[in-house]
Structures are given as structure tokens and as C-alpha cells.
Amino acid sequence: MQASCPASPEPVPATPPLTRAANPRGAAPLPSSALLQGQKSVLIEHQGLIYRLQETKLGKLILTK
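Counted the way the working numbering counts, the sequence shown spans residues 14 to 78.
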């Protein structure tokens with residue numbers, strides 16, 4: 014008897030991008046490309062601390078202290 018493979022889960026639809034109307038604070042979203050400017054990582058200073066924002070090989074973003 015052959016073992017059956019479970020069906021692949023249905024893809025989850027992407028979350029729609031935030032717009033000014035959908036954002037309660039009224040600020041427009043900033044594209045990651047504006048921060049990264051072609052680089053794979055960028056350092057961000059926030060309240061005296063340095064954070065690194067980096068894009069993974071899969072296109073995800075990671076923010077580390």
C-alpha cells in the first residue's frame with residue numbers, strides 16, 4: 014500500500030499594503046528600498062542605540078539590536 018502525501022496547504026494571501034487611509038496614525042508607509050538603498054543591511058540609530066535592519070536571502074526583513 015502506498016502512503017499518501019498530505020495536500021499542500023493553500024497559499025495565504027499577502028497582507029495588503031497599508032495606506033494612509035488604513036493607518037490610524039496617518040503616516041504613509043516607507044518602502045524598505047528607501048531605507049536599504051540597494052544595500053543588504055543598514056544601521057539605524059534610535060534613542061541612542063544602534064539597530065541593524067537586514068534583508069535575508071528570501072527577501073524577509075530582520076531588525077536586530
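For each residue, glycine too, the CB sits at the ideal point set by N, CA and C. A quick note: this is a predicted structure, and the numbers were derived from the prediction, not measured.
N-terminal and C-terminal residue of the beta strand (DSSP E) that residue i is part of
| i | result |
| --- | --- |
| Leu62 | 62–68 |
Short Cβ contact (9 Å threshold) for residue i with residue j
| i | j | result |
| --- | --- | --- |
| Leu56 | Arg65 | yes |
| Ser46 | Gln67 | no |
| Ile63 | Lys73 | no |
Secondary structure of residue i, DSSP reduced to three states
| i | result |
| --- | --- |
| Ala71 | Here residue 71 is Leu; the residue named in the question, Ala, does not match the sequence. Reduced to three states, the DSSP call for Leu71 is coil. |
| Leu76 | strand |
Residue i: first and last residue of the uninterrupted alpha helix (DSSP H) it sits in
| i | result |
| --- | --- |
| Ser48 | What sits at residue 48 in the sequence shown is Leu, not Ser. Note, Leu48: alpha helix (DSSP H), 45–49. |
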